[in-house]
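Undergrad: Shown below is the structure under consideration.
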Amino acid sequence: MRIFSGLGGKLLLAFSLMALLTLSASLLGWVGLSHLRQLEQGVQQTLADQELARTLSRLSGEIQSASRLLATATSEQEREHQGRLLTLQGQQLQQVLAQLGRGQGSTSLDQLSQSIIGNLGQQGWLVGERLTLMAQGEAQRARLVAAAGQIAELARSQMENAETVMVAGLGSLYQQQGVQATRTLDRLLEQDLDWLEQMTELRHRTLMQQQRIEEMWRSERQEQLQTLLQEGQRELAILQLRAGAVTDPARRQAVEQALTVLAQSDKLVQLRSDWLGKGEALRVLANANEALMSSLNQQVGELVSRARDSLGQSQQALSQRLRLLEQALMAIGLLTLLLLMLLMWRMVYGRIVWPLQRAVAGMSRLARGDLAPLEPIASTGRDELAELGRALQVFRDNAVELGRYQRELESRVEERTGQLSHANERLNEEVEKQRQARAEAEQANRAKSVFLATMSHEIRTPMNGILGGLTLLEDTHLSDTQQRYLAAIEHSGESLLEILNDILDYSKIEAGHVEARREPFPLFQLVDELSALFRPKAAAKRVTLALEYAPELAPVVEGDLGKLRQVLGNLLGNAVKFTARGQITLTVAPLACQGPCAEPCIRFVVRDTGPGIPADEQEAVFEAFRQRKRDIGHQGGTGLGLAISRKLVAAMGGKLILVSEPGKGCEFSFSLPLQRSSAQLPAEAQPLHLGQSRDILLVEDNEINRLVAHGMLIRLGHRVTLAEDGRSALALVTERPFELALLDINLPDMDGMTLREDLAAISEEMHERPLPAIAISAQMYPEDIRHCLAAGFVDFVGKPVRLAVLANAIDQLFRQEGAAIEPQVQLSVAVPPTNQPELANPVLDADLPLLGVARIRQLVALFESQGRVLVDKLAQGEGSEQRQLAHKLKGSALALGLTEFASHCAALEAGGGEPAAIGAQFDAAVSGLQQWLVANRDAQP
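Residue numbers (numbering that gives the first Met the number 0): 0 to 940.
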């Protein structure tokens with residue numbers, strides 16, 4: 000029995016004994032539960048039978064009630080309803096009887112249910128027949144009653160005729176005497192009076208016959224029906240005799256037809272007799288159903304009683320078995336408890352638990368590093384615990400040996416760690432040197448960009464003055480030699496300005512300040528203007544410049560007009576510069592787009608017949624400050640044009656591609672997702688309506704904006720008083736009344752909201768008249784406009800101020816008053832077209848016919864002088880002071896149409912942007928204004 004010598008064998012023996020005892024108890028419990036389950040099934044069956052018996056009793060009552068209702072049905076709908084109800088109840092009855100008879104072996108219940116259902120079907124048929132007889136009898140009764148009524152009505156008319164004749168005869172007696180009077184009286188007594196009596200009898204007997212017909216239909220006994228039939232036939236014979244007294248042939252015929260109908264009263268009696276017979280049959284069926292139902296309930300009661308008796312006997316037998324089972328389970332439980340205690344003491348604790356405790360104590364000592372000799376776990380035996388004790392002793396011996404090896408290893412690791420630390424220090428020093436070198440390279444790159452931007456702008460400022468002066472000098476009287484010298488100087492200056500612009504654009508791109516904007520613009524107008532701009536230069540070199548434009552393209556698209564103009568201008572300029580002969584073609588056509596575009600992409604291709612570029616040098620032409628001298632010689636430039644163009648195209652969502660072969664020219668192409676736009680381009684300006692001249696107070700701290708708004712108000716015919724801050728405005732309103740105030744929201748000494756309230760209060764108190772105010776601000780977000788209107792302003796005008804908007808705001812305010820008393824004057828404002836699209840300024844173009852070139856030149860000079868001071872302060876300022884200066888500079892820029900420069904100022908006002916770059920941006924804005932002045936020097940106000 001070596002299998003029981005080990006720890007597993009001992010546990011197996013102990014748990015097998017416990018499992019055997021548990022199995023014995025389980026078997027006894029299973030036997031008891033089986034008997035309980037049988038008893039429970041019997042109880043459930045008995046309860047179910049009782050419930051079915053109650054259901055059967057309820058169904059019996061419902062069937063009897065429905066049967067009575069069916070027997071008394073007066074319409075086919077009622078009969079069908081009760082018939083369906085009885086059919087459903089009969090099906091339920093069969094289901095209940097089938098459940099009651101299951102397992103009983105009796106067919107009597109099925110026979111009873113079939114008999115009941117058959118009787119119910121027969122009853123339904125009888126009720127249907129009875130209803131049919133009822134309908135036929137009602138129709139026959141109606142015909143007979145109508146015929147009798149017709150005879151009575153004819154007899155009544157004959158009675159009236161007889162009475163009329165007698166009255167006439169009696170009336171004639173007064174005029175007759177002797178024998179004639181006697182014969183007339185005899186005729187009245189023998190003929191007329193007899194005719195009246197016969198008609199009276201005919202009517203009376205007809206009405207009696209009508210009453211008798213009603214009695215026939217209401218009779219409930221067969222004997223009474225036969226008596227009424229005989230009486231009716233006798234009366235019918237008398238009526239036929241009296242009908243012969245009717246003198247009118249037509250009426251006599253009608254009476255005879257009606258008597259023929261009355262002669263059919265035996266049909267009515269027969270229908271009533273059949274109806275009574277069907278009723279008697281229904282009563283017999285109802286009694287039979289009641290008897291069957293009673294027998295059915297009795298048999299069901301006997302079945303339930305037998306089941307209840309059988310259940311009682313089963314309960315007694317089960318009680319005896321459960322007592323025996325309880326005694327056996329108690330005995331097995333006590334025996335199991337004793338055996339468990341013995342097994343737990345001898346086997347579990349003596350041979351397992353206590354040796355395991357000694358083993359755990361020994362392992363805990365070893366885990367703490369205590370390598371003292373261990374206490375024996377089991378003195379004798381060959382089980383697992385004895386093996387565990389020997390294994391722990393071996394483990395202790397191995398731990399002692401490992402301790403010795405560990406101490407040797409630690410000394411070696413300490414030595415190697417020192418070597419690695421020294422190598423790591425040298426590696427860290429090398430990494431720090433690389434980081435410093437990278438930082439210095441990045442700082443040098445940024446310094447290069449800042450230096451290029453600063454120097455290009457510093458040089459551009461005097462260059463703008465030089466070019467502007469040269470342009471003005473062209474209008475003076477110069478000799479031909481002086482004109483050639485002047486053209487050479489101007490060409491050199493324009494070349495230098497182009498180089499500076501390229502350097503500035505590249506510095507902006509390197510600084511990450513390039514963002515593509517989306518605005519609607521006419522695509523064909525753009526490419527047509529560019530072709531017209533470069534065509535004279537190409538023609539001067541005997542090169543043809545052609546435009547191929549697909550007609551199916553949208554007339555107006557959305558994209559960045561400025562960047563697209565710059566890229567196409569750069570590519571066309573290079574093509575003209577490096578093409579000595581042949582042709583240059585600008586192609587604009589649709590291209591299927593791979594992205595989620597609603598419209599196809601548009602592909603732009605600039606193709607020339609120049610010398611071409613080898614494949615190994617094509618990528619190099621897109622690098623900054625890299626130029627390739629083509630076969631015809633170097634033409635000058637910075638080498639930034641293509642680098643800038645590629646980055647601008649990438650910013651707009653495309654890629655600039657070069658395809659070229661030496662001697663076959665170059666093809667530069669790119670595709671952009673320019674979506675179709677539904678926006679309408681500005682048309683000719685509508686005429687302005689000028690009303691009554693008003694006294695207006697204009698409060699504006701920016702001198703340029705103040706000068707522009709003053710000129711517009713004067714042009715509109717108003718009387719204007721200027722104030723540069725809130726304090727001056729309050730003083731002016733105290734001295735004299737005004738009809739309207741135009742207030743800048745951001746003033747140096749107070750905000751426009753507070754100023755409006757103070758001005759309104761002073762006007763009410765001092766002049767007893769309200770002072771409406773219109774807000775003027777460059778902050779045109781919807782929430783800013785709503786805030787101004789909620790604060791009491793009557794209207795809002797955004798900067799830059801447009802004449803039409805300002806006139807419309809003033810006109811709306813005084814429209815009701817002005818329309819009633821004054822005629823209106825129309826002022827047409829036309830915007831002159833510019834010949835140079837790249838110099839277009841919509842704001843100045845609109846102000847030109849209002850203010851004139853002289854006034855705009857004065858505004859530009861004022862902006863240049865004051866703006867330079869503000870830019871210098873802004874570059875040195877911080878915090879709120881910097882934001883205030885940026886706001887003021889933004890307002891001036893918007894008044895002159897410098898939207899790009901105004902956006903940079905807005906970014907600084909919001910706490911972003913780069914203050915150090917504002918100087919270069921200001922120089923670019925001033926340069927644009929100078930170029931616009933040169934282009935519009937001959938314009939007339």
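Glycine included, C-beta positions come from ideal geometry on N, C-alpha and C. If you're wondering where the values come from, they're calculated on a predicted model, not measured in any experiment.
Is the region 575 to 587 touching the region 604 to 614, taking contact as three or more C-beta pairs under 8 Å?
TA: Cβ pair count under 8 Å is three or more, so yes.
Undergrad: Mind checking ASP743: buried by the 16 CB within 10 Å criterion, or exposed?
TA: Translated into positions along the sequence shown, residue 743 becomes position 744. The residue in question, ASP743, is buried, as its Cβ has 16 or more Cβ neighbours within 10 Å.
Undergrad: Might you give, ordered along the chain, the residues of its own chain that have their beta carbon closer than 8 Å to the beta carbon of SER294, omitting 5 neighbours on each side?
TA: Here residue 294 is taken as the residue at index 295 of the sequence shown, counted from 1. Closer than 8 Å at the Cβ level, and outside the excluded window around SER294, lie LEU111.
Undergrad: Which partner residues of GLY558 appear in the DSSP bridge assignment?
TA: Taking the first residue of the sequence shown as 1, we reach residue 558 at position 559. Answer is GLU518.
Undergrad: Locate the beta strand (DSSP E) running through ILE601, then write down its first and last residues.
TA: By one-based count along the sequence shown, residue 601 stands at place 602. That run of the beta strand (DSSP E) goes 600 to 606.
Undergrad: Apply the 10 Å Cβ neighbour rule to ARG282 and answer buried if 16 or more other Cβ atoms are within range, or exposed otherwise.
TA: Counting from one through the sequence shown, the residue named residue 282 turns up at place 283. Per the 10 Å Cβ criterion, exposed.
Undergrad: PHE737 and LEU770 - do their beta-carbons sit closer together than 9 Å?
TA: By one-based count along the sequence shown, residue 770 stands at place 771. By one-based count along the sequence shown, residue 737 stands at place 738. Yes; because the gap between Cβ atoms is below 9 Å, this pair is in contact.
Undergrad: Any idea what DSSP makes of GLN582, helix, strand or coil?
TA: One-based indexing of the sequence shown puts residue 582 at position 583. If DSSP states are grouped into helix, strand and coil, GLN582 belongs with the strands.
Undergrad: Provide the residue(s) that pair with PHE667 in DSSP beta bridges, ordered along the chain.
TA: In the sequence shown, the residue the question calls residue 667 occupies position 668. The partner list for PHE667 (beta bridge, DSSP) reads VAL605, LEU657.
Undergrad: Between ASP265 and GLN139, what straight-line distance do the alpha-carbon atoms span, to the nearest angstrom?
TA: Here the question's residue 265 lines up with position 266 in the sequence shown. Here the question's residue 139 lines up with position 140 in the sequence shown. About 10 Å.
Undergrad: Could you give the distance in angstroms between the alpha-carbon of SER902 and the alpha-carbon of ALA422?
TA: The residue you call residue 902 lines up with position 903 of the sequence shown. The residue you call residue 422 lines up with position 423 of the sequence shown. Rounded to the nearest angstrom, the two C-alpha atoms are 55 Å apart.
Undergrad: Hey, how far is the Cα of VAL830 from the Cα of VAL604?
TA: If you number the sequence shown from 1, residue 830 lands on position 831. If you number the sequence shown from 1, residue 604 lands on position 605. Unreliable positioning characterises VAL830 in this predicted model, as indicated by a pLDDT of 40, which lies under 50. The coordinate reading is nonetheless provided below. The alpha-carbon atoms of VAL830 and VAL604 are separated by roughly 33 Å.
Undergrad: For SER23 versus ILE331, is the C-beta spacing smaller than 9 Å?
TA: By one-based count along the sequence shown, residue 23 stands at place 24. By one-based count along the sequence shown, residue 331 stands at place 332. Result yes, Cβ atoms of SER23 and ILE331 sit closer than 9 Å.
Undergrad: Could you tell me if GLN37 is buried or exposed, where buried requires 16 or more neighbouring beta carbons within 10 angstroms of its beta carbon?
TA: Your numbering for residue 37 matches position 38 in the sequence shown. GLN37 comes out exposed.
Undergrad: Quickly, what does DSSP pair GLY797 with across the bridge? List them, please.
TA: Mapped onto the sequence shown, residue 797 falls at position 798. DSSP output for GLY797 lists SER776 as bridge partner(s).
Undergrad: Specify, as a first and last residue, the run of the alpha helix (DSSP H) that ALA242 falls within.
TA: The sequence position of residue 242 within the sequence shown is 243, counting from 1. Neither: ALA242 is in no alpha helix (DSSP H) and is coded neither H nor E.
Undergrad: State buried or exposed for TRP194, treating a residue as buried only when at least 16 other CB atoms are found within 10 Å of its CB.
TA: Walking along the sequence shown from the start, residue 194 turns up at place 195. The residue is buried, with at least 16 neighbouring Cβ atoms inside 10 Å.
Undergrad: In chain order, what residues of the same chain lie with their CB nearer than 7 Å to the CB of LEU544, ignoring the 5 residues before and after it?
TA: The count along the sequence shown starts at 1 and reaches residue 544 at position 545. Contacts found: SER530, PHE533, ARG534, ALA537, ILE583.
Undergrad: Considering just the uninterrupted stretch of the beta strand (DSSP E) at ASP615, what are its terminal residues?
TA: Position 616 of the sequence shown, counting from 1, holds the residue named residue 615. Element bounds for ASP615: n/a, residue is neither H nor E.
Undergrad: Skipping 5 residues on each side, what residues in its chain have a beta carbon closer than 8 Å to that of VAL303?
TA: The count along the sequence shown starts at 1 and reaches residue 303 at position 304. For VAL303, where only same-chain residues beyond five positions count, the Cβ hits under 8 Å are THR45, ASP48, GLN49, ALA52.
Undergrad: Can you grab the Cα-Cα spacing for the pair ALA253 / GLU200, in whole Å?
TA: For the purposes of this step, residue 253 is taken as residue 254 along the sequence shown, with counting starting at 1. For the purposes of this step, residue 200 is taken as residue 201 along the sequence shown, with counting starting at 1. Their Cα atoms are separated by approximately 18 Å.
Undergrad: May I ask you to list the residues that DSSP assigns as paired with THR720?
TA: On the sequence shown, position 721 is the one that residue 720 refers to. According to DSSP, THR720 bridges with LEU696.
Undergrad: Exposed or buried, what is ARG714 when buried is set at 16 or more other beta-carbons lying within 10 Å of its beta-carbon?
TA: Residue mapping note: residue 714 aligns to position 715 of the sequence shown, counting from 1. ARG714 comes out buried.
Undergrad: Quick check on the burial criterion: 16 or more other C-beta atoms within 10 angstroms. Buried or exposed for ILE480?
TA: Within the sequence shown, numbered from 1, the residue matching residue 480 stands at position 481. A small fix is needed here, since residue 480 is Thr in this sequence, not Ile. Answer is exposed; the Cβ neighbour count stays below 16.
Undergrad: Run through DSSP, which three-state label would ARG202 get?
TA: What you label residue 202 is simply residue 203 of the sequence shown in a count that begins at 1. Helix, per DSSP.
Undergrad: Just to confirm, does SER530 get its C-beta within under 8 Å of one of the non-hydrogen atoms of the ligand NAD?
TA: Although the ligand NAD was asked about, the structure shown includes no ligands whatsoever.
Undergrad: For the region 874 to 881 and the region 852 to 861, state whether three or more C-beta atom pairs, one from each stretch, are separated by less than 8 Å.
TA: Too few Cβ pairs lie closer than 8 Å, so no.
Undergrad: What are the complete alpha helix (DSSP H) segments, minimum 4 residues, inside the region 283 to 342?
TA: Counting whole runs of 4 or more residues, the region 283 to 342 contains no alpha helix (DSSP H) stretch at all.
Undergrad: Please determine if the region 312 to 324 and the region 56 to 71 are in contact, where contact requires at least 3 C-beta pairs separated by less than 8 Å.
TA: Contact between the region 312 to 324 and the region 56 to 71 is absent, because fewer than three Cβ pairs lie under 8 Å.
Undergrad: Chain C beta carbons: is any one of them nearer than 9 Å to that of SER313?
TA: Given the protein chain composition of this structure (a single chain), no chain C is represented.
Undergrad: Measuring alpha carbon to alpha carbon, tell me which residue in ALA909, ASP844, GLN875 is nearest ALA915.
TA: Counted from its first residue, the sequence shown places residue 915 at position 916. Among ALA909, ASP844, GLN875, the Cα nearest to that of ALA915 belongs to GLN875.
Undergrad: What's the C-alpha gap between PHE795 and LEU897?
TA: Residue mapping note: residue 795 aligns to position 796 of the sequence shown, counting from 1. Residue mapping note: residue 897 aligns to position 898 of the sequence shown, counting from 1. Roughly 21 Å between the two C-alpha positions.
Undergrad: Looking at VAL648 and LEU639, is the spacing between their C-beta atoms short of 9 Å?
TA: On the sequence shown, residue 639 is found 640 positions in, with the first residue counted as 1. On the sequence shown, residue 648 is found 649 positions in, with the first residue counted as 1. For LEU639 and VAL648, no; Cβs fall outside 9 Å.
Undergrad: According to DSSP, TYR548 sits in a beta bridge with which residue or residues?
TA: On the sequence shown, residue 548 is found 549 positions in, with the first residue counted as 1. VAL587.
Undergrad: Run through DSSP, which three-state label would ALA141 get?
TA: As a first step, residue 141 is located in the sequence shown; it is residue number 142 there, counting from the start. Helix at ALA141.
Undergrad: Output the distance between the C-alpha atoms of GLY300 and GLY60, rounded to the nearest integer angstrom.
TA: The residue given as residue 300 occupies position 301 in the sequence shown. The residue given as residue 60 occupies position 61 in the sequence shown. Approximately 16 Å, taken between the alpha carbons.
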